[in-house]
Amino acid sequence: MQTRRLGRTNLDVSVISFGGTWISEIDTSDAIPVVRRAFDLGINYFDTARWDGDSETKIGYALKDVRDQCIIATKTGSRTKKESVEDLKNSIQLLQTDHVDIIQLHGIDDEKTLTKAISSDGALQTCKKAQKEKLTKFIGITGHKPQILAKAIKTGEFDTVLVPLNIVTRQAEEELLPTAKDLDVGVLAMKPLSAKTSNLITCTYQPSLSLVSDEPELKALLGQNNKQVIHSLLRYTLSKDIASAVIGLRSITEVETAASVGINYQDLTDIEKKRFNFKLETYCRDCGLCMPCPEKINIPAILRFHSFHSNYRLKNWARNLYTGLEIKPDKCTQCGICQQKCPYNLPIECMLQEAHKKLSFSETNK
Ligand code: SF4
Ligand code: SF4
């Protein structure tokens, strides 16, 4: 398994990491061999969270006898000092260890939450105290909004950052990776296989926003079977300036497929670089700052689907996703509220109308 340096932590992390979210949904007797197979294949970074059901318990049990060969990162979703102390205490106990390697502030997705978490009464203070007491070696932060995370790491308080990054979720490349590089903050990429970047995007259309699907356009872009698709997606993410791709894994087959990318990692070929080099000019970054819309129009979702259609040329997939949205831009009253709030000065009203024209089956079928 290839490894990379995780920024200023100087930890050598496997380029493929184990995300613990999904093992909370399977039986312990099935979960333990999954975690263990990951370790046996050279994965040494295990990411879990206090919010992830009993994932910490399963990871702790599976790795107990090899704890010193693993890097274990967990998260606290509590924002105050008092609550996060309890979180960390419970995490360490459930993980059957005497310390974690990284404690991360979980899901910091807006300025208000960031301000609270790093205040004198915030969860960051718990992390700093824990570091002094050797209950954690490093402090990290996670979230879905690269511009918020960039602001957070500029405080100098965080050694690592966990952010979504995949072939159609590339905001971090523009808004976070250069800052992280300058500050030598270790970057971990989550959701390398899913276009869902925040809870702002929900859609009734199945198979939802997974990039590993039977959608012919995704297959044409990424590969004809699931293994090829996963390889393309992980290699894309690993071709960026990051230390490791964190993938939620729940079966031995999934572990073996993901690990094989890290064992035989090869950079993108020139042909792939060309194929994946989509032009992004005027596009929505999914920051969510234009919300809420008084007419309940899901602006970021519609504009993201429009981007899938126009920038990524995933036309049918985008139209299917759009069809799953309940409220369409024809309900827009052109009140102008959203446009005033967009930090990227996007002409949202026009973009929504354009999206509606391109993504409505009735229009496109004319
Ligand atoms: S201009 Fe349209 S989309 Fe924007 S906030 Fe007003 S109603 Fe919603
Ligand atoms: S339209 Fe602008 S404000 Fe709204 S989510 Fe996109 S980038 Fe952010």
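Mapping of the sequence shown onto the numbering used here: residues 83 to 448, in sequence order.
We treat Cβ as the ideally placed atom computed from N, Cα and C, and that holds for glycine.
Alanine 120 has no beta-bridge partner at all, per DSSP. Contact check between the segment 333 to 352 and the segment 254 to 267: fewer than three CB pairs, one atom from each, fall below 8 Å, which does not count as touching. Distance from the Cα of threonine 156 is smallest, within the candidate group Glu165, Asp147, Ser392 and Tyr127, for Tyr127. Apart from sequence neighbours up to five positions away, the residues of its chain that approach leucine 259 with a beta-carbon distance below 8 Å are Val269, Lys322, Asp323 and Ile324, ordered along the chain. Under DSSP, tyrosine 127 takes part in a beta bridge, and its partners are Ile153. With a cutoff of 7 Å, glutamate 138 does not count as near ligand 1, since its C-beta is closer than that to no heavy atom of the ligand. Taking non-hydrogen atoms of ligand 1 into account, the C-beta of glutamine 416 is found less than 7 Å away from one of them. The C-alpha of proline 274 lies about 17 Å from the C-alpha of glutamate 297.
Note on lysine 278: 16 or more other CB atoms within 10 angstroms of its CB, so buried under the neighbour-count rule. Rounded to the nearest whole angstrom, the C-alpha separation of glutamate 354 and glutamine 178 is 43 Å.
Of all C-beta pairs linking the segment 292 to 306 to the segment 116 to 127, fewer than three are shorter than 8 Å, placing the two stretches out of contact.
Membership of serine 96 in any alpha helix (DSSP H) is not indicated; the residue belongs instead to the beta strand (DSSP E) covering 94 to 96.
Distance check between lysine 413 and each of Asn398, Glu431 and Ala400 places Glu431 closest, using alpha-carbon atoms only. Of all C-beta pairs linking the segment 221 to 241 to the segment 170 to 190, three or more are shorter than 8 Å, placing the two stretches in contact. Beta-bridge annotation (DSSP): glycine 159 is not paired with any residue. The Cβ atoms of alanine 234 and proline 246 do not sit closer than 8 Å to each other. Serine 292 is positioned such that its CB atom lies no closer than 8 Å to that of glycine 305.
Of the candidates Asn248, Glu377, Arg149 and Ile230, the residue whose Cα lies closest to the Cα of threonine 415 is Glu377.
Annotation for isoleucine 345: the continuous alpha helix (DSSP H) segment containing it runs 334 to 345.
Cβ neighbours of aspartate 203 within its own chain (closer than 7 Å, five residues either side excluded): Thr162 and Lys163.
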